[in-house]
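Colleague: Under the working numbering, the first residue of the sequence shown carries the number 4, and numbering increases by one thereafter. Okay, handing you the structure first.
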Amino acid sequence: MPDAQSAGSPMAFLKRLDEIGLRDVAACGGKAARLGEAIRLGCPVPPGMVLTTELFQRFMRQGGLHGEVISILTAMQPTTMHQFQAAEWAIYSAFRVRRVPRDVREAIGQAIESLGGLPVAVRSSATSEDSPQQSFVGQHGSYLYVNSEDAAVAAVMGCWMSLYSAKALFYAHRFGVDLLRSSMAVLVQGLVEPTAAGTLFTADPITGSPDVFVLEERQGRREGIHRLDPYEDAPGEATVWQELKRMGLRLDEHLGSYQTVEWAVADGRVQVLRVRPATRVPPYLPVSVRDEDLEGGPLQLAIPKGVEPRRLRPFSWYHRSRSRAARSAFFTRINRQFSVYAGRDDFYLRGYFYYRWRRFAFFAPPQDATSLRLLMPTIWRLALARRLDREFRILSRVRRPRLLELSSIDHSTLTDERLGKVLVEAQGIVETFLEQTGRLGESPQVLAGILRQLHVGWGGSPQEVDDLVYTGADRKSRAERALCEALASADDDTERDEVFADHLHGYRHHYLRDNPVVDASDIATLEFDEAAARAVYKRCLGPSEDTPAARHAARMSRREALEEEVLGRLGRIERFVYRQALQVARRYDPLEFDRYEAPLLGFLLERDLLHEVGVRLVERGLAERPEDAALLGSTEITDYLEGESDHAYVERAIGERQVLRRRWQRYGPPPVLGEEPDRGLDIDASAVAPEQVLHGRPACRGSARGRVRIVHTLGEATQVLPGEVLVCPEPLFELSPLFGIVAAVVAESGGLLDHAATLAREYDVPAVFGVEHA
Numbered sequence: 004m005p006d007a008q009s010a011g012s013p014m015a016f017l018k019r020l021d022e023i024g025l026r027d028v029a030a031c032g033g034k035a036a037r038l039g040e041a042i043r044l045g046c047p048v049p050p051g052m053v054l055t056t057e058l059f060q061r062f063m064r065q066g067g068l069h070g071e072v073i074s075i076l077t078a079m080q081p082t083t084m085h086q087f088q089a090a091e092w093a094i095y096s097a098f099r100v101r102r103v104p105r106d107v108r109e110a111i112g113q114a115i116e117s118l119g120g121l122p123v124a125v126r127s128s129a130t131s132e133d134s135p136q137q138s139f140v141g142q143h144g145s146y147l148y149v150n151s152e153d154a155a156v157a158a159v160m161g162c163w164m165s166l167y168s169a170k171a172l173f174y175a176h177r178f179g180v181d182l183l184r185s186s187m188a189v190l191v192q193g194l195v196e197p198t199a200a201g202t203l204f205t206a207d208p209i210t211g212s213p214d215v216f217v218l219e220e221r222q223g224r225r226e227g228i229h230r231l232d233p234y235e236d237a238p239g240e241a242t243v244w245q246e247l248k249r250m251g252l253r254l255d256e257h258l259g260s261y262q263t264v265e266w267a268v269a270d271g272r273v274q275v276l277r278v279r280p281a282t283r284v285p286p287y288l289p290v291s292v293r294d295e296d297l298e299g300g301p302l303q304l305a306i307p308k309g310v311e312p313r314r315l316r317p318f319s320w321y322h323r324s325r326s327r328a329a330r331s332a333f334f335t336r337i338n339r340q341f342s343v344y345a346g347r348d349d350f351y352l353r354g355y356f357y358y359r360w361r362r363f364a365f366f367a368p369p370q371d372a373t374s375l376r377l378l379m380p381t382i383w384r385l386a387l388a389r390r391l392d393r394e395f396r397i398l399s400r401v402r403r404p405r406l407l408e409l410s411s412i413d414h415s416t417l418t419d420e421r422l423g424k425v426l427v428e429a430q431g432i433v434e435t436f437l438e439q440t441g442r443l444g445e446s447p448q449v450l451a452g453i454l455r456q457l458h459v460g461w462g463g464s465p466q467e468v469d470d471l472v473y474t475g476a477d478r479k480s481r482a483e484r485a486l487c488e489a490l491a492s493a494d495d496d497t498e499r500d501e502v503f504a505d506h507l508h509g510y511r512h513h514y515l516r517d518n519p520v521v522d523a524s525d526i527a528t529l530e531f532d533e534a535a536a537r538a539v540y541k542r543c544l545g546p547s548e549d550t551p552a553a554r555h556a557a558r559m560s561r562r563e564a565l566e567e568e569v570l571g572r573l574g575r576i577e578r579f580v581y582r583q584a585l586q587v588a589r590r591y592d593p594l595e596f597d598r599y600e601a602p603l604l605g606f607l608l609e610r611d612l613l614h615e616v617g618v619r620l621v622e623r624g625l626a627e628r629p630e631d632a633a634l635l636g637s638t639e640i641t642d643y644l645e646g647e648s649d650h651a652y653v654e655r656a657i658g659e660r661q662v663l664r665r666r667w668q669r670y671g672p673p674p675v676l677g678e679e680p681d682r683g684l685d686i687d688a689s690a691v692a693p694e695q696v697l698h699g700r701p702a703c704r705g706s707a708r709g710r711v712r713i714v715h716t717l718g719e720a721t722q723v724l725p726g727e728v729l730v731c732p733e734p735l736f737e738l739s740p741l742f743g744i745v746a747a748v749v750a751e752s753g754g755l756l757d758h759a760a761t762l763a764r765e766y767d768v769p770a771v772f773g774v775e776h777a
């Protein structure tokens, strides 16, 4: 017998809502996938069945419908709303002339039967809907009180067509979403008859503060907007609100972003109707600019490129305590010949790292070294570089072996006191290397720059300099070539695995995801990048011409040929200076990596020692996880290990900081602190008579000036011109495309968290709702 889930079966196009999650957005759309994820987290959601995007795509392939839609959208001129409406009409017409296949009707009937029969709600769930960037709220169709199978089929068709509604087309065009790459699933659910309903927002949408949950109840005994503490229950607070707060916080922390939760109460039970990421939430950090040292200028947030501020994690107490000593060591003997910066002002605000560079009063960059008059300063800089290189190599010879020795110890066998001494010694060695690293500054780049100026000035190409400077002598390159040699000598896979394991044991610090010396990364959470190490392993076993050794040999051959060619065309003095610059640049080539190698080895050792401390804290009942040791500062840890602080202090400190860390993790820190705020338009409110001022609820902050256009009906919407202030009784979905052209929106009704307010914030149009007699 054929499988019930086979391609021809209605069940092949159906998924139960409680069996899907975020991984299923492509098959089930954003709305359904997020509700499925909420179920996984224990949130009560009405049962549902999802008609997957595969069913929609099969229908789109019927009779060339997909090609027809492409032709319509390609021919559309997206300039005015009329063009979007014309495209909607053409696409809807193309849908309506298609016959509804039997497999579609059967799948819809099966979904209804699985839910216990009619009536049902039929809801759109597009793959582009409810994303962290765009919500698409109100742009697609949904149908309630569907009480026949024919009506259900029509509702599903309506959801499918609404992927290309005029509103959705305008919205997608405005925000750069390609609807031809989107698809539409449909969520079928049993009806909910609510006695109360509303929306919960896990941050203040106007200020961005996550220390406040905003709950808007639009139906029920407590209608209105309420601000709630997400962490504590207030006396007399409604039980429903407390349950909603717990669910909202659970979703927020699990998904790592602020959430909008649409909810209802039916039969005395809370039901979650929709969960979507909150879009356009302002950055927020509860610090007073006046309390910080901003006289020297604004502070920059340390954040990796492409990472949203809310995705950051506060730095650990251990890292913050070590950061000051590390920064001090790095800038102790900074050299203006090889660095633009004399120092850096660091601030850890609610665990987030802000900084401000301090430049030297005068920085002497490499000058044009091709002029004979300027050769002496160049030679002097080269001599300084030789001395710094010599100092660094001596330090590496003397202190690096001790780091390796400390790393090889079985730390679990050490007494507390001995463990503390090893930690302090490791920290001291790291700081010694950081001092020398800071002294070297950007010397590898500066010296390569001197050579580049000489090379180009005397007739060479700038692209040749990298080949001329190359040595392949840094510790990482040498270790990789040694790995390849050892793998080539291995007899079988077992022996090769042992060789690779030995390599990783000795060179883990070569494959860290981050570098705390230069990146915004936490010592306590350094991670090993196994994929990077495996890539080296594969190259060693790959084609012979692609191995690290073969590539090294090819580059060295190229280097020798280039050097011979260049020196052959230079005069005696130029050749002498060029050779000096080339020799020093080559000595510094390995330092591009090696100047950080020992500090990375030391930081990894610190992380391992910190983990051992955490294991002991867990064994003694003072912490829940080994990672909790990072909630203590460096001095607190050594004091504890040396018996100078009691267990009660450590347990209390960890408990208090767990609470703080939980709060701080939910902040979305501003990229810059201390910038002059944008004051918007210069509007003197005092010049307006009090009786002429209209008051309402801010839906999206900002200021605007423009001619007022009052719209009472949808028919009047066509009269609205760009730059006008739209005034309407109700901010209907049908009016939302106007949000993209008007200067501001004023409405007599509307809430802070409803769909219209969400769209106003996404369009970034100043909006005030609930203005009586507007």
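Yeah, the Cβ is synthetic: ideal placement off N, Cα and C, and Gly gets one too. From a predicted model like this one, the values you see are computed outputs, not experimental measurements.
First and last residue of the alpha helix (DSSP H) that includes residue 320?
Modeller: Here the question's residue 320 lines up with position 317 in the sequence shown. Where residue 320 is concerned, the enclosing alpha helix (DSSP H) stretches over 320-334.
Colleague: Applying the 10 Å Cβ sphere with the 16-neighbour rule, what's the burial state of residue 416?
Modeller: To locate residue 416, count along the sequence shown from 1; it is residue 413. Residue 416 should be labelled exposed.
Colleague: Might you give, ordered along the chain, the residues of its own chain that have their beta carbon closer than 6 Å to the beta carbon of residue 592, omitting 5 neighbours on each side?
Modeller: Along the sequence shown, one-based indexing puts residue 592 at 589. So the list reads 472 and 474, once near-sequence residues are dropped.
Colleague: Nearest to residue 25 by alpha carbon, out of 16, 44 and 13?
Modeller: Reading the sequence shown from its first residue, position 22 is the one you call residue 25. The candidate whose alpha carbon is nearest that of residue 25 is 44.
Colleague: For residue 226, does the count of other Cβ atoms within 10 angstroms reach 16, so buried, or fall short, so exposed?
Modeller: For the purposes of this step, residue 226 is identified with residue 223 of the sequence shown, where counting begins at 1. Counting Cβ neighbours within 10 Å, residue 226 comes out exposed, since fewer than 16 surround it.
Colleague: Work out the CA separation of residue 595 and residue 529 for me, nearest whole Å.
Modeller: Here residue 529 refers to the residue found at position 526 of the sequence shown. Here residue 595 refers to the residue found at position 592 of the sequence shown. C-alpha separation (whole angstroms): 21 Å.
Colleague: Using a 10 Å radius around the Cβ and a threshold of 16 neighbouring Cβ atoms, would you call residue 712 buried or exposed?
Modeller: Residue 712 sits at position 709 when you count from the first residue of the sequence shown. Classification for residue 712: buried.
Colleague: Along the chain, where does the beta strand (DSSP E) that runs through residue 18 open and close?
Modeller: The residue you call residue 18 lines up with position 15 of the sequence shown. Where residue 18 is concerned, the enclosing beta strand (DSSP E) stretches over 17-19.
Colleague: Taking only the alpha-carbon atoms, compute the straight-line gap between residue 356 and residue 523 and give it to the nearest angstrom.
Modeller: On the sequence shown, residue 356 is found 353 positions in, with the first residue counted as 1. On the sequence shown, residue 523 is found 520 positions in, with the first residue counted as 1. So the alpha carbons of these two residues sit roughly 8 Å apart.
Colleague: If distances are taken between C-alpha atoms only, which option among 581, 559 and 558 comes closest to residue 569?
Modeller: Counted from its first residue, the sequence shown places residue 569 at position 566. It is 581.
Colleague: How would you label residue 6, buried or exposed, when you count the other beta carbons within 10 angstroms and need 16 or more for buried?
Modeller: The residue labelled residue 6 in the question sits at position 3 within the sequence shown. At residue 6, the pLDDT of 45 sits below 50, so the modelled position is not reliable and the matter cannot be decided from this model.
Colleague: Between residue 531 and the rest of its own chain, which residues show a CB-CB distance below 7 Å, the 5 nearest in sequence each way excluded?
Modeller: In the sequence shown, the residue the question calls residue 531 occupies position 528. Same-chain partners within the cutoff: 511, 514 and 515.
Colleague: Which residue from 462, 80 and 655 puts its Cα closest to that of residue 565?
Modeller: The residue you call residue 565 lines up with position 562 of the sequence shown. Minimum Cα distance to residue 565 is reached at 462.
Colleague: Determine the direct distance from the alpha carbon of residue 167 to that of residue 157, and round the result to whole angstroms.
Modeller: What you label residue 157 is simply residue 154 of the sequence shown in a count that begins at 1. What you label residue 167 is simply residue 164 of the sequence shown in a count that begins at 1. Distance between the alpha carbons of residue 157 and residue 167: 16 Å.
Colleague: Please classify residue 395: is it buried, with 16 or more other beta-carbons within 10 angstroms of its beta-carbon, or exposed?
Modeller: Here residue 395 refers to the residue found at position 392 when the sequence shown is read from its first residue. Residue 395 comes out buried.
Colleague: In chain order, what residues of the same chain have a beta carbon less than 7 Å from the beta carbon of residue 13, not counting five sequence neighbours either side?
Modeller: Locating residue 13 in the sequence shown gives position 10, where the first residue counts as 1. Same-chain partners within the cutoff: 106, 109, 110 and 113.
Colleague: The beta strand (DSSP E) spanning residue 551 covers which residue range?
Modeller: Here the question's residue 551 lines up with position 548 in the sequence shown. Taken as a continuous stretch (DSSP letters only), residue 551 belongs to no beta strand (DSSP E), being part of the alpha helix (DSSP H) at 551-571.
Colleague: Is it the case that the Cβ atoms of residue 209 and residue 674 are separated by a distance below 9 Å?
Modeller: Residue 209 sits at position 206 when you count from the first residue of the sequence shown. Residue 674 sits at position 671 when you count from the first residue of the sequence shown. The answer is no: Cβ separation not under 9 Å.
Colleague: Provide the residue(s) that pair with residue 265 in DSSP beta bridges, ordered along the chain.
Modeller: In the sequence shown, the residue the question calls residue 265 occupies position 262. In DSSP, residue 265 forms a bridge with 202 and 277.
Colleague: Using the C-alpha atoms, what's the distance from residue 670 back to residue 286?
Modeller: The count along the sequence shown starts at 1 and reaches residue 286 at position 283. The count along the sequence shown starts at 1 and reaches residue 670 at position 667. Going by the C-alpha atoms only, they are around 8 Å apart.
Colleague: Given residue 283, which residues of its chain have a CB within under 6 Å of its CB, disregarding the five upstream and five downstream residues?
Modeller: Counted from its first residue, the sequence shown places residue 283 at position 280. These residues qualify, in order along the chain: 764 and 765.
Colleague: Which of the three DSSP states is assigned to residue 698 in this structure?
Modeller: Residue mapping note: residue 698 aligns to position 695 of the sequence shown, counting from 1. Three-state DSSP puts residue 698 in coil, outside helix and strand.
Colleague: With distances taken Cα to Cα, identify the nearest neighbour of residue 600 among 400, 242, 19 and 309.
Modeller: By 1-based counting over the sequence shown, the position of residue 600 is 597. Answer by Cα proximity: 400.
Colleague: Determine the closest residue to residue 197 out of 270, 545 and 388, with distance taken between C-alpha atoms.
Modeller: Within the sequence shown, the letter at position 194 stands for residue 197. Looking at the Cα atoms, 270 is the closest of the given residues.
Colleague: Of all the options 676, 133, 139 and 68, which has the alpha carbon lying nearest to the alpha carbon of residue 737?
Modeller: The count along the sequence shown starts at 1 and reaches residue 737 at position 734. For residue 737, the nearest C-alpha among the options comes from 139.
Colleague: What number of angstroms, rounded off, separates the C-alpha of residue 398 from the C-alpha of residue 518?
Modeller: As a working mapping, residue 398 is identified with position 395 in the sequence shown. As a working mapping, residue 518 is identified with position 515 in the sequence shown. C-alpha separation (whole angstroms): 21 Å.
Colleague: Put residue 53 into one of helix, strand or coil per three-state DSSP.
Modeller: Within the sequence shown, the letter at position 50 stands for residue 53. Note: residue 53 maps to strand in three-state DSSP.
Colleague: Nearest to residue 615 by CA position, among 755, 735, 493 and 422, is which residue?
Modeller: Along the sequence shown, one-based indexing puts residue 615 at 612. For residue 615, the nearest C-alpha among the options comes from 422.
Colleague: Considering only their Cβ atoms, is the gap separating residue 341 from residue 468 smaller than 9 Å?
Modeller: Taking the sequence shown and counting its residues from 1, one reaches residue 468 at position 465. Taking the sequence shown and counting its residues from 1, one reaches residue 341 at position 338. Cβ distance not < 9 Å, so residue 468 and residue 341 don't count as in contact.
Colleague: Cβ of residue 148 within 9 Å of Cβ of residue 161?
Modeller: For the purposes of this step, residue 148 is taken as the residue at position 145 of the sequence shown. For the purposes of this step, residue 161 is taken as the residue at position 158 of the sequence shown. No. Outside cutoff.
Colleague: Just confirm the distance between the C-beta atoms of residue 316 and residue 661, as a whole number of angstroms; I'd bet it's less than 8 Å.
Modeller: Taking the sequence shown and counting its residues from 1, the one referred to as residue 316 is at position 313. Taking the sequence shown and counting its residues from 1, the one referred to as residue 661 is at position 658. About 14 Å; that fails the 8 Å criterion.
Colleague: Assign residue 179 to buried or exposed, taking buried as 16 or more other Cβ atoms, counted over all protein chains shown, within 10 Å of its Cβ.
Modeller: Residue numbering aside, residue 179 sits at position 176 when the sequence shown is read from its first letter. When all chains shown are included, residue 179 counts as exposed.
Colleague: Quick one, which of 744, 119, 86 and 299 has its alpha-carbon nearest residue 710's?
Modeller: The residue you call residue 710 lines up with position 707 of the sequence shown. For residue 710, the nearest C-alpha among the options comes from 744.
Colleague: Can you give me the Cβ contacts of residue 117 inside the same chain, cut-off strictly under 7 Å, excluding the 5 residues immediately before and after it?
Modeller: Mapped onto the sequence shown, residue 117 falls at position 114. So the list reads 52, once near-sequence residues are dropped.
Colleague: Would you kindly work out how many angstroms separate the C-alpha atoms of residue 22 and residue 39, rounded to a whole number?
Modeller: Counting from one through the sequence shown, the residue named residue 22 turns up at place 19. Counting from one through the sequence shown, the residue named residue 39 turns up at place 36. So the alpha carbons of these two residues sit roughly 7 Å apart.
Colleague: Whose C-alpha, out of 501, 413, 509 and 444, is nearest the C-alpha of residue 404?
Modeller: Looking up residue 404 in the sequence shown gives position 401. The shortest Cα separation from residue 404 among 501, 413, 509 and 444 belongs to 509.
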